[in-house]
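Residue numbers (my numbering): 1 to 429.
Heads up, the beta-carbon is just placed ideally off N, CA and C, and yes, glycines get one too.
Notes follow once the structure below has been shown.
Encoded structure:
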């Protein structure tokens, strides 16, 4: 931003300096302004190219971002699966806890039953000891008084023996069940411990996955922010360059308008005068300066008219020839075709050495172009009269031999050529 305002300030100072210098000293900054505009255009092109490159990088980075998104999705799926596994293990632990609690209740009941039976069996043993030792069921049967008494005694003995067997059997079964259930409890407790360890592992894995996910999200946000900041910076810089370029264009237009106004005032001052001047060639050439015609225009040089305005084929390529050519020897004097002010003097691409003169004739602005010169005798801002010596014929630039390439533009000179008109409309060769 600072460089932009510095450039704008420099342009303004140059322009004000030129205006304040007055009509006597016309040090036009037009060439400098055009050069600055050209540099601004180059900078704009570079920025546009950088923006295109950054856009391509963003598009390339989108695949990286998509990859990160896919990784995040895979982690989310894995996290969801881990959460499901954690819930499954928790449910399994809870279920095992319920089963252990139920077994503990059953074990307590079995232990109670076994203890009660132990007490009954102890009572029977104590009773037998009180009666004098071991009870003989055979003595009981043999002591019967009758057959009916024997039957009764036999039934009672069987009942007692069955009761003893049942008690012993039930006691043995309950003791076995007690041992089995205790072993089952130990097994379930061991499985529960394994499940708890698995749960801890799943929780640790879940924590790592969440940390990895957060790192990926940080990376994603960093990439997106970085590309956005870089592109925003380039676009801001481009806006500043475009603004500077527009300011330069306005300054160029103002400078061209100023030169045209000077030319118009010079024409008004000399409107009452019809004069023809001849000036000896400053390069001591033996060639004569062309005679000055009456009217607003005169022929710019003596010589042979070799090429006219229009389309022609060069090297097999059809090109527009935007002027008229006059051939003669190097050093032949070139004069201004009308009263005006020099708006350009120096080399210009394929034109070689060039002089441009801006004219104001009957309220209309014209610009004449004199190309392929060997020497230039005027500078930017010089007021020239019709027929005044301004340069010498040459063979500079893209030229097939010594000649003058002469153009007339309605308005200011345009590199693309739409303002060029056939010089034969104004000048007799």
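- Secondary structure of residue 83, DSSP reduced to three states: helix
- Message: I'd like the span of the beta strand (DSSP E) that includes residue 292, first residue to last.
- Response: Where residue 292 is concerned, there is no enclosing beta strand (DSSP E), given that its DSSP letter is neither H nor E.
- Item | Whole-angstrom C-beta distance between residue 379 and residue 345, which should lie under 8 Å | 5 Å
- Item | Beta-carbon contacts of residue 334 that lie in its chain and below 7 Å, excluding the five residues immediately before and after | 300, 301, 370, 373, 390, 391, 392, 393 and 404
- Message: For residue 83 and residue 206, which I take to be in contact (beta-carbon distance under 8 Å), what is that distance rounded to the nearest angstrom?
- Response: 7 Å
- Any idea what DSSP makes of residue 383, helix, strand or coil? strand
- For residue 418, count neighbouring Cβ atoms within 10 angstroms of its own Cβ and tell me buried if that reaches 16, exposed if not. exposed
- Task: Could you check what DSSP says for residue 350 in three-state terms: helix, strand or coil?
- Result: helix
- Query: Between residue 338 and residue 297, which are expected to be in contact by the criterion C-beta below 8 Å, what is the C-beta distance as a whole number of angstroms?
  - Reply: 5 Å
- Query: Within the chosen definition, does the stretch 34-53 reach the stretch 227-235 through at least 3 CB pairs nearer than 8 Å?
  - Reply: yes
- For the stretch 365-428, which segments carrying the alpha helix (DSSP H) assignment without a break, of at least 4 residues, lie completely within its bounds, in sequence order? none
- Task: Can you grab the Cα-Cα spacing for the pair residue 95 / residue 187, in whole Å?
- Result: 14 Å
- Message: Give me the residue from 330, 31 and 421 with the minimum Cα distance to residue 310.
- Response: 421
- Message: Given this structure, state the Cα-to-Cα distance separating residue 450 from residue 429, to the nearest angstrom.
- Response: Residue 450 lies beyond the stretch modelled for the chain, which goes from 1 to 429, so this question has no answer here.
- Message: Quick check on the burial criterion: 16 or more other C-beta atoms within 10 angstroms. Buried or exposed for residue 97?
- Response: exposed
- Label residue 320 either buried or exposed according to how many other C-beta atoms from any shown protein chain fall within 10 Å of its C-beta, with 16 as the threshold for buried. exposed
- Where residue 307 sits in the DSSP three-state scheme: strand
- Under the DSSP definition of a beta bridge, which residues are partnered with residue 300? Looking at the DSSP assignment, residue 300 forms no beta bridge with any residue, so it has no partner.
- Under 6 Å Cβ to Cβ from residue 211, same chain only, skipping five residues before and after it: list those, please. none
- Identify whether residue 326 lies in helix, strand or coil by the three-state DSSP scheme. strand
- Message: Which residues does DSSP list as the beta-bridge partners of residue 345?
- Response: 355
- Message: Assuming residue 375 and residue 343 are in contact, meaning their beta carbons sit under 8 Å apart, how far apart are those beta carbons, in whole angstroms?
- Response: In fact, because the Cβ distance is near 19 Å, the residues do not count as touching under 8 Å.
- Query: Skipping 5 residues on each side, what residues in its chain have a beta carbon closer than 6 Å to that of residue 358?
  - Reply: 259, 260, 263, 340, 341, 343 and 367
- So what's residue 331 in DSSP terms, helix, strand or just coil? coil
- Item | Chain-order list of residues whose beta-carbon lies under 7 Å from that of residue 219 (same chain, five-residue window excluded) | 68
- Query: In this structure, does DSSP put residue 360 in helix, strand or coil?
  - Reply: strand
- Message: Just to confirm before moving on: does the CB-CB distance between residue 110 and residue 178 stay below 8 Å?
- Response: yes
- Item | residue 93 and residue 195 closer than 8 Å at C-beta | yes
- Rounded to whole angstroms, what's the CA-CA distance from residue 322 to residue 349? Just pull it up for me. 15 Å
- Message: Threshold first: 3 residues or longer. Then list the beta strand (DSSP E) segments lying entirely within the stretch 153-240, N to C.
- Response: none
- Is residue 38 near the ligand ATP, with its Cβ less than 7 Å from a heavy atom? As presented, the structure is devoid of all ligands, the ligand ATP included, so that no description of it is given.
- Message: On the CB-based measure, 16 or more other CB atoms within 10 Å of its CB, does residue 291 come out buried or exposed?
- Response: exposed
- Message: Measuring alpha carbon to alpha carbon, tell me which residue in 118, 184, 377 and 86 is nearest residue 199.
- Response: 86
- Query: Taking Cβ to Cβ, would you say residue 249 is nearer than 8 Å to residue 30?
  - Reply: no
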